[in-house]
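One structure is given below, encoded as structure tokens.
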Amino acid sequence: MGALKLCFVVQRPPYKSENARLALTHSISSQTAEIHLDDGDTIVPTLIFVGDGVLNAVKNQQAMKHYGVTSTENHIKNGLLIDMPVWICKEDMQRLGLTEAQVITDAEEMGAELKMKFASFDEIQKEMEACPHLLFF
Amino acid sequence: MGALKLCFVVQRPPYKSENARLALTHSISSQTAEIHLDDGDTIVPTLIFVGDGVLNAVKNQQAMKHYGVTSTENHIKNGLLIDMPVWICKEDMQRLGLTEAQVITDAEEMGAELKMKFASFDEIQKEMEACPHLLFF
Amino acid sequence: MGVLTMGVFPSLVGSGTLDFSFKLAEAAMAKGHTVNLWLSGNAVMMAKKGQRAFKDYSHLEKKMMELIGKGMETTVCEACAEARGYHKEDTPPGMKRASMDWYLAKTFKSDRVLHIGGE
Amino acid sequence: MGVLTMGVFPSLVGSGTLDFSFKLAEAAMAKGHTVNLWLSGNAVMMAKKGQRAFKDYSHLEKKMMELIGKGMETTVCEACAEARGYHKEDTPPGMKRASMDWYLAKTFKSDRVLHIGGE
Amino acid sequence: MKLAVFLSDLRRTEDTYERLKAEKLGVILVENGIYHAVMKEGGKDSPVLNKAGASFYVLSEDLETRGFTSAQVNPKVKVVNYGDIVDLIMNDYEKTAWL
Amino acid sequence: MKLAVFLSDLRRTEDTYERLKAEKLGVILVENGIYHAVMKEGGKDSPVLNKAGASFYVLSEDLETRGFTSAQVNPKVKVVNYGDIVDLIMNDYEKTAWL
Chain A
6 MGALKLCFVV
16 QRPPYKSENA
26 RLALTHSISS
36 QTAEIHLDDG
46 DTIVPTLIFV
56 GDGVLNAVKN
66 QQAMKHYGVT
76 STENHIKNGL
86 LIDMPVWICK
96 EDMQRLGLTE
106 AQVITDAEEM
116 GAELKMKFAS
126 FDEIQKEMEA
136 CPHLLFF
Chain L
6 MGALKLCFVV
16 QRPPYKSENA
26 RLALTHSISS
36 QTAEIHLDDG
46 DTIVPTLIFV
56 GDGVLNAVKN
66 QQAMKHYGVT
76 STENHIKNGL
86 LIDMPVWICK
96 EDMQRLGLTE
106 AQVITDAEEM
116 GAELKMKFAS
126 FDEIQKEMEA
136 CPHLLFF
Chain B
65 MGVLTMGVFP
75 SLVGSGTLDF
85 SFKLAEAAMA
95 KGHTVNLWLS
105 GNAVMMAKKG
115 QRAFKDYSHL
125 EKKMMELIGK
135 GMETTVCEAC
145 AEARGYHKED
155 TPPGMKRASM
165 DWYLAKTFKS
175 DRVLHIGGE
Chain F
65 MGVLTMGVFP
75 SLVGSGTLDF
85 SFKLAEAAMA
95 KGHTVNLWLS
105 GNAVMMAKKG
115 QRAFKDYSHL
125 EKKMMELIGK
135 GMETTVCEAC
145 AEARGYHKED
155 TPPGMKRASM
165 DWYLAKTFKS
175 DRVLHIGGE
Chain E
990 MKLAVFLSDL
1000 RRTEDTYERL
1010 KAEKLGVILV
1020 ENGIYHAVMK
1030 EGGKDSPVLN
1040 KAGASFYVLS
1050 EDLETRGFTS
1060 AQVNPKVKVV
1070 NYGDIVDLIM
1080 NDYEKTAWL
Chain U
990 MKLAVFLSDL
1000 RRTEDTYERL
1010 KAEKLGVILV
1020 ENGIYHAVMK
1030 EGGKDSPVLN
1040 KAGASFYVLS
1050 EDLETRGFTS
1060 AQVNPKVKVV
1070 NYGDIVDLIM
1080 NDYEKTAWL
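Residue numbers (my numbering), protein chains in the order written: chain A, 6 to 142; chain L, 6 to 142; chain B, 65 to 183; chain F, 65 to 183; chain E, 990 to 1088; chain U, 990 to 1088.
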């Protein structure tokens, strides 16, 4: 019986490729990983947005309206809804001129209790040290 | 009856993607474009390497040996062989520290008469002005 | 009214470039222009029938068929398709397969060419 | 001897990343390690049988079949494949199809994970 | 020449843009290129907007897809839609360059 | 942590590399990352090689594919093959990061 921590780190903006989307779908799939594991074993993900990756967390994305696809906003909120920790680097937000008002802070409207964590890169570094495997997107 | 000049401009290094390879195969296909054109009409390409694109012209690429694929070196020489003008930006070579000895200057061993043209960006700019359509890769 | 030839190269499932080119083609045709579309490199993914629509991916087959129906001449790079295992029978109806010289020849009588390269 | 799980995401016809991962897998197996390979995103292109070999493209089907024959467990992301129109009957023999949780579960008993993301 | 340049990335991997000259230059920001119209990295305008003599355009659909609105767009940049881009290509400029 | 970082591009689009810390850091240059081992842009070493305390490796197959040889490699960088990279991953480092 054990828990394996995995860090999913998104470094690039949304929509250029599937990159961020795949980070989101893969991290969320940790919920069902136990069907392949021994009893009691679990995968415990942390989803982290750093660098230009913080642009994935901008609110009010109209991807469905204009292109008929789910937004990364929607995916992030789904992550919070299943109680997956979602972290965003606050230094990077500041560098890119993003305020807290512009980014996702919670998914209360969907009934999620967990909130986005605004983390320093130092905290993110410590989380990466605590994860045996790192998955950079 | 007329000739249409097209500039094919390669801006990126080889092997990361098909990018440079597609520039080469498409520009070389100008040779057979006339089957789709009226009598006497022709497509006249200039293939230009700028920026990091000049790395495509480095000699002695061992792509076939290691990965079983044709090198961009080989493609460039094929271009010279069909008398397609191939230009390389000399300022970019200098910036990246490439000497003339390191890059393709001709394809004499294949029987090509045409040689690589080492051009300044000013000359390249003029060639782009002379082409009605620009194809950047 | 003019002729616009677009060559689309790097696009893929999950990238916005094919979406962009189809929307631009639609807007150009709505204004009475003629549009030719060349799909090469990874953009030949449009040459595969039977792509399943997921909300996570833009699904462009319907839009493409609609534009072909309205007269957009759409041709896919034959070698690029074969290299990916997309054979003649995979090609959606109305889409042509040709070698690269088709694209170059199309530029001859075009007023504008928008060549979407990159990686 | 250890277990190495690789996840390959962005690779495509014409990119070197799939070549890299297959060569690395081969080298690891030659040294007695066990290798698991997860193909997701655009790397699911390996899930299409019948890709024609051109000298311009690295053609990896043979190498992959060889490695699968030597025991490399190779699984392709089912949804990513379906979105591209690659169905069960397109999958080369010996390759598995699964949902994403397969990959995460494999990391559990792996000594090392090499996750090749990017664009 | 009258040239319409398309930029579709935030982090560019070419430097052709900085060196290209045109009597009349239009810069059309699409896809992830839209970030150049709305972000002030380190408090400054994107260097893309420093190109002298150019006219700048940004695609509204791509802005909104990424969570931004016209109100956030740099005053140097005009917000356009797909139809406007068709007119720019077919009427206002003679050549295009997707960099 | 003991971390092996893989760089596969000449023009990078992330800045994670500059910020990541590790007690023991190996930087493995593969694919177009090999240019950092052989080019002196503007006469200078690639900034990638300035990472303090890191060990640098470059894949010989990828060097040669692009027309370069071991003789041209910066003395800071050790030339390795695929088998060596396996040993680096499995024996010398605990985690990997493909950036």
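The C-beta atom is built at its ideal place from N, Cα and C for all residues, glycine as well.
Keep in mind the model is a prediction, meaning the values are calculated, not measured.
Q.
Please identify the residue among B/Ser79, B/Ala147, B/Met129, B/Gly135 whose C-alpha is closest to the C-alpha of E/Val1019.
A. Answer by Cα proximity: B/Ser79.
Q) Whose C-alpha, out of A/Arg26, A/Ala112, A/Glu132, is nearest the C-alpha of B/Tyr121? A) A/Arg26
Q: Would you list, in chain order, the members of the region 68–97 of chain B that have their beta-carbon closer than 8 angstroms to a beta-carbon of chain F?
A: Leu76, Val77, Gly78
**Q.** Segment contact flag, the region 68–86 of chain F with the region 98–118 of chain F, C-beta cutoff 8 angstroms, min 3 pairs
**A.** yes
(Q) On the CB-based measure, 16 or more other CB atoms within 10 Å of its CB, does F/Thr138 come out buried or exposed? (A) Classified as buried, F/Thr138 has 16 or more neighbouring CB atoms from the shown chains inside 10 Å of its CB.
Q) Around the Cβ of A/Pro18, are there at least 16 other Cβ atoms within 10 angstroms (buried) or fewer (exposed)? A) buried
Q. Do you know offhand how far F/Pro157's Cα is from F/Met128's?
A. 11 angstroms
Q. At which residues does the beta strand (DSSP E) containing B/Met70 begin and terminate?
A. Taken as a continuous stretch (DSSP letters only), the beta strand (DSSP E) holding B/Met70 covers 67–72.
Q: Have a look at A/Ile48, A/Gly45, A/Ala28, A/Val74 and flag the residue whose alpha-carbon is nearest the alpha-carbon of A/Val55.
A: A/Ala28
Q: Could you run through the region 10–36 of chain L and flag, in chain order, every residue whose CB is less than 8 angstroms away from some CB of chain E?
A: Val14, Gln16, Arg17
Q) Could you check where the beta strand (DSSP E) with L/Ser22 kicks off and where it finishes? A) Unbroken run through L/Ser22: none, as it is neither H nor E.
Q.
Pairs of beta-carbons, one from the region 85–101 of chain A and one from the region 109–117 of chain A, closer than 8 angstroms: are there three or more?
A. yes
Q: Figure out for me which residue from B/His123, B/Ala145, B/Val72 has the closest Cα to the Cα of A/Met69.
A: B/His123
**Q.** Three-state secondary structure assigned by DSSP to E/Val1062
**A.** coil
Q. With A/Ile81 and A/Val59 assumed to form a contact (beta carbons below 8 angstroms), what rounded beta-carbon distance in angstroms separates them?
A. Cβ-Cβ separation between A/Ile81 and A/Val59: approximately 11 angstroms, too far for a contact (criterion under 8 angstroms).
Q. Do the region 1058–1075 of chain U and the region 169–182 of chain B make contact, defined as three or more Cβ pairs closer than 8 angstroms?
A. no
**Q.** Chain-ordered neighbours of E/Arg1000 on chain U, where CB pairs are closer than 7 angstroms
**A.** Correct list: Thr1002.
(Q) Residues in the same chain with beta-carbon distance under 7 angstroms from E/Glu1021, minus the five sequence neighbours each way, listed in chain order, please. (A) The amino acid occupying residue 1021 of chain E in the given sequence is Asn; Glu does not appear at that position. These residues qualify, in order along the chain: Ser997, Asp998, Leu999.
Q) So which residues of chain A does B/Lys119 contact, with C-beta pairs closer than 7 angstroms? A) Val74, Thr75, listed in chain order.
**Q.** Closer than 9 angstroms to chain E by CB, B/Gly135
**A.** Judged by the 9 angstroms Cβ criterion, B/Gly135 is not in contact with chain E.
Q | Near-chain A residues of the region 1012–1031 of chain E - C-beta to any C-beta below 8 angstroms | A | Glu1020, Asn1021, Tyr1024, Met1028, Lys1029, Glu1030, Gly1031
Q. Using a Cβ-Cβ cut-off of 6 angstroms (strictly less than) and excluding sequence neighbours within five positions of A/Ala8, which residues of its own chain qualify?
A. Thr47, Val49
Q) Comparing the C-beta of F/His123 with each C-beta of chain L, is any distance below 9 angstroms? A) yes
(Q) Counting only Cβ pairs nearer than 7 angstroms, list the residues of chain A close to F/Met164. (A) Thr30, His31, Ser34
Q.
Taking the alpha carbon of B/Lys119 as the reference point, which residue from F/Ala117, F/Ser174, F/Glu146 has its own alpha carbon closest?
A. The shortest Cα separation from B/Lys119 among F/Ala117, F/Ser174, F/Glu146 belongs to F/Glu146.
**Q.** Proximity winner among A/Pro90, A/Ala38, A/Gly102, relative to A/Asp57 (alpha-carbon distances)
**A.** A/Gly102
Q) Which residue comes first and which comes last in the alpha helix (DSSP H) that contains F/Ile180? A) Unbroken run through F/Ile180 is the beta strand (DSSP E), 176–180; no alpha helix (DSSP H).
Q) What are the uninterrupted segments assigned as beta strand (DSSP E) that are 3 or more residues long and contained completely in the region 78–125 of chain F, given in chain order? A) 98–103
(Q) Less than 9 angstroms between the C-beta atoms of F/Lys126 and F/Met93, yes or no? (A) no
Q.
By the three-class DSSP mapping on this structure, what secondary structure does L/His80 have?
A. helix
Q | Separation of U/Asn1080 from F/Glu142, as counted between CA atoms | A | When rounded, the distance between both Cα atoms is 33 angstroms.
Q. To which residues of the same chain is F/Met109 closer than 7 angstroms at the C-beta, ignoring the five residues directly before and after it?
A. Leu76, Val77
Q: Using 10 angstroms around the beta-carbon of E/Ala1060, count the other beta-carbons present and answer buried if the total reaches 16, otherwise exposed.
A: exposed
Q. Within the 9 angstroms Cβ cut-off, does E/Thr1005 reach chain B?
A. no
Q: Enumerate, from N- to C-terminal direction, the unbroken alpha helix (DSSP H) stretches of 4 or more residues contained entirely within the region 92–139 of chain A.
A: 95–100, 126–135
Q) Can you tell me where the beta strand (DSSP E) with F/Gly161 in it begins and where it stops? A) Reading off the sequence shown, one finds Arg at residue 161 of chain F, where the question assumed Gly. From DSSP, the beta strand (DSSP E) with F/Arg161 extends over 160–162.
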